[in-house]
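*Asks:* Count the sequence shown with my numbering and you get residues 382 to 566, in order.
Here a beta-carbon is modelled for each residue, glycine too, at the ideal position from N, C-alpha and C.
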Amino acid sequence: MTDRWIHHVALLLCFFTTALSINYEQLQLQQSSSTSACQELLRQLDQELCLNDRLDFKIPVAVKHPQQMEKSYTAFAIQEMLRNIFLLFKNDFSSTGWNETIIESLLGELSVQTRFLEKILKEKQEKEKPAWGTAPTTSRLKSYYRRVQKFLENKRYSRCAWMVVRAEISRNFSMIQGLTKNFQS
Ligand SMILES: *[C@@H]1O[C@H](CO)[C@@H](O)[C@H](O)[C@H]1NC(C)=O
Ligand SMILES: *[C@@H]1O[C@H](CO)[C@@H](O)[C@H](O)[C@H]1NC(C)=O
Numbered sequence: 382m383t384d385r386w387i388h389h390v391a392l393l394l395c396f397f398t399t400a401l402s403i404n405y406e407q408l409q410l411q412q413s414s415s416t417s418a419c420q421e422l423l424r425q426l427d428q429e430l431c432l433n434d435r436l437d438f439k440i441p442v443a444v445k446h447p448q449q450m451e452k453s454y455t456a457f458a459i460q461e462m463l464r465n466i467f468l469l470f471k472n473d474f475s476s477t478g479w480n481e482t483i484i485e486s487l488l489g490e491l492s493v494q495t496r497f498l499e500k501i502l503k504e505k506q507e508k509e510k511p512a513w514g515t516a517p518t519t520s521r522l523k524s525y526y527r528r529v530q531k532f533l534e535n536k537r538y539s540r541c542a543w544m545v546v547r548a549e550i551s552r553n554f555s556m557i558q559g560l561t562k563n564f565q566s
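1. Could you compute how far the alpha carbon of Q494 sits from the alpha carbon of A418?
2. Run through the stretch 461 to 541 for me and flag every whole alpha helix (DSSP H) of 4 or more residues, listed as ranges in chain order.
3. How about the stretch 461 to 471 and the stretch 524 to 535: do they share at least three Cβ pairs that are nearer than 8 Å?
4. Between the stretch 476 to 491 and the stretch 412 to 427, do at least 3 Cβ pairs fall closer than 8 Å?
5. Give the straight-line distance between the Cα atoms of L430 and E504, rounded to the nearest whole angstrom.
6. How many angstroms separate the CA atom of T519 from the CA atom of W513?
7. Label E461 either buried or exposed according to how many other C-beta atoms from any shown protein chain fall within 10 Å of its C-beta, with 16 as the threshold for buried.
8. If distances are taken between C-alpha atoms only, which option among S475, A548 and L469 comes closest to Q420?
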């Protein structure tokens, strides 16, 4: 954990001392290693197939076709996803028997990375955030996570509902990993 922190801070300093323009190569490395860490943490949680509880949460189309997204917007979209995943895992998961230390680490990783993205996007955001904030993809992403949240609520945070959500979010991280390739070139 400490090593990761130092790594984050070092990268942050790099971002601030270089220009205000975003270094997408570094962003890709950073995002990619953070995503792997989250995926690894999710893998450590108990899993179970709960076929009766499956639900199609329906993904925003643009996110499925990352090559159509601008780099800065991709970073913004990832930030939006991480923020929402963080909020999901703040819900009551006591029915699952999941190890709290693992969830704490996951929340820690998510919040560090979200703040990291917020910081590097801040400059750009001032000008472009209004556009990002109202972009159709952003609102679809938000309603996607609202559907996941509602699902958990409706199922009263049951073990099976959480198993479904864990699997869904785990696939989301693969998607985020795919999106980071967008920072290349
Ligand atoms: C999360 O993963 C599911 C399953 O692959 C996918 O359908 C959904 O689009 C993903 N959502 C996001 C926001 O990436
Ligand atoms: C929870 O996970 C942590 C870190 O992986 C581990 O050290 C600890 O022993 C686990 N606790 C339980 C109750 O399994």
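*Replies:* The answer reads as follows:
1. Within the sequence shown, numbered from 1, the residue matching residue 494 stands at position 113. Within the sequence shown, numbered from 1, the residue matching residue 418 stands at position 37. Using only the alpha carbons, I get a separation of about 11 Å.
2. 481 to 515 and 517 to 535
3. yes
4. Contact between the stretch 476 to 491 and the stretch 412 to 427 is present, with at least three C-beta pairs closer than 8 Å.
5. As a first step, residue 430 is located in the sequence shown; it is residue number 49 there, counting from the start. As a first step, residue 504 is located in the sequence shown; it is residue number 123 there, counting from the start. Straight through space, the alpha carbons of E504 and L430 are spaced by roughly 44 Å.
6. Position 138 of the sequence shown, counted from the first residue, corresponds to residue 519. Position 132 of the sequence shown, counted from the first residue, corresponds to residue 513. Going by the C-alpha atoms only, they are around 7 Å apart.
7. Numbered from its first residue, the sequence shown carries residue 461 at position 80. The residue in question, E461, is buried, as its Cβ has 16 or more Cβ neighbours within 10 Å.
8. As a working note, residue 420 is residue 39 in the sequence shown. Cα-wise, what sits closest to Q420 is A548.
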